[in-house]
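To start, the structure under review is shown below, and the notes come after it.
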Amino acid sequence: MQPEAVPRARRPEPQLVPEFKLAFLSMGDGLIIDSLPPQSRGGFSPAHLRLAMSLWRALGMPAAEPPRAQLLPWPAFTSRSLDQGWDQAQTAVQRKFDLMLQQSPARFVLLLGDAAARLLLQSPEGGDGMRGMLFRPRSQVSALATASLSEMLQVPGCKRDVWRDLQPLMRHLTQAPPVDG
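Under the numbering used here, residues 10 to 190 are what the sequence shown spells out, in order.
Laid out in structure tokens, this is it:
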């Protein structure tokens, strides 16, 4: 007679905690959300801001006062006991996005980098397949994903690809009426 196999209690699998750092910049009719390297000690540098302002002008937007970047680092807390998985990260980003829209209505958002696109468009896959396509994360707001400012600063040759990615948004902006402030 064999002893009955006693099922072992399964330990819950550790939840994967996404790591990212997003910079939110509200400028006039638009919002820029940039994916910064999560491990970087620095935040949104003057070089990032200059490049963001150049993108703004390239979109044909009127000169704006340089905004102050609002950072959202993730995980938000160092505690391993808190659930800071994908769903919570996505909820935090959506809340921040909604708050930014309440403070300053926008008709478009530029999603720079993979983390910004995946989290705002609620797509765990993400990747280059999202670049250069118009999305609608909210009914009145168009969104376009392209490379991050950090990537543009490190690989200047990718700016040509970014310019190509921006074309659908530029066409859309010339057709869409401005948001009432």
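Glycine included, every Cβ here is placed at the ideal spot set by N, Cα and C.
- The stretch 140-165 contains, as complete beta strand (DSSP E) runs of 3+ residues, the segments 143-147 and 150-155 (chain order).
- By the Cβ test, the stretch 78-89 is in contact with the stretch 26-39, since at least three Cβ pairs between them sit closer than 8 Å.
- Contact annotation, Leu-158 with Asp-43: C-beta distance approximately 5 Å; criterion of less than 8 Å satisfied.
- Taking the Cβ atoms as the reference, Ala-73 lies roughly 5 Å from Met-36, within the contact range of under 8 Å.
- In this chain, the alpha helix (DSSP H) harbouring Met-62 covers 55-67.
- Asp-38 carries a coil assignment under DSSP once its states are collapsed to helix, strand and coil.
- Just so you know, the alpha carbons of Leu-143 and Trp-172 end up roughly 14 Å apart.
- DSSP links Pro-82 through a beta bridge to Lys-30.
- By the criterion of at least three beta-carbon pairs nearer than 8 Å, the stretch 43-57 is not in contact with the stretch 89-100.
- Annotation for Phe-53: Ala-32 and Ala-78 place their beta carbon closer than 6 Å to its own, counting only its chain and skipping 5 residues before and after.
- Leu-68 sits away from Leu-162, with the two beta carbons spaced by 9 Å or more.
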